[in-house]
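To keep things clear, I will list the structure first and then write my remarks on it.
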Amino acid sequence: MTTSTQSTVLQVMQDRKSVRIYDDSHTISNEVLTKLLSDATTAPSSSNLQPWRFIVFNNKASQQELRTIAYN
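FYI, full-length UniProt numbering numbers position 69 of the sequence shown as 69, with every residue one higher than the one before it.
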């Protein structure tokens, strides 16, 4: 691994954070969502099993219903 690559990897690791507060009024376009999900499937998985499954709830009623069973 080159010094530049190592530096980039370390920076990504250091910049990682957990978001706990979300803006309910913000929406993501279908184009951006599709790109994010596509990129997410390239993440490494245990034993290269690639068990990725995504469910998108993009209407408020479904989100509210899910909220009650997902501990808010």
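Heads up, the beta-carbon is just placed ideally off N, CA and C, and yes, glycines get one too.
DSSP three-state assignment for N59, whether helix, strand or coil: The count along the sequence shown starts at 1 and reaches residue 59 at position 59. Coil at N59, not helix or strand.
Contact belief for L33 with V19 at Cβ below 8 Å, rounded distance in angstroms: For the purposes of this step, residue 33 is identified with residue 33 of the sequence shown, where counting begins at 1. For the purposes of this step, residue 19 is identified with residue 19 of the sequence shown, where counting begins at 1. In this structure, L33 and V19 do not form a Cβ contact; the two beta carbons are roughly 17 Å apart against a cut-off of 8 Å.
Helix, strand or coil at M1 according to DSSP, with G and I counted as helix: Taking the sequence shown and counting its residues from 1, one reaches residue 1 at position 1. Residue state, collapsed to three classes: coil.
Between the CA atoms of S25 and P51 - distance to the nearest angstrom: As a first step, residue 51 is located in the sequence shown; it is residue number 51 there, counting from the start. As a first step, residue 25 is located in the sequence shown; it is residue number 25 there, counting from the start. When the Cα atoms are used, P51 and S25 turn out to be separated by approximately 31 Å.
Nonlocal neighbours in the same chain, by C-beta distance under 8 Å from M13, ignoring five residues either side: The residue given as residue 13 occupies position 13 in the sequence shown. For M13, where only same-chain residues beyond five positions count, there are no Cβ hits under 8 Å.
Helix, strand or coil at R67 according to DSSP, with G and I counted as helix: Position 67 of the sequence shown, counted from the start, is the residue given in the question as residue 67. The answer is helix: DSSP assigns R67 an H, G or I state.
Contact set for L36: own chain, Cβ-Cβ below 6 Å, skip 5 residues either direction: Here the question's residue 36 lines up with position 36 in the sequence shown. If we look at L36 and ignore the five residues flanking it on each side, it has no Cβ neighbours.
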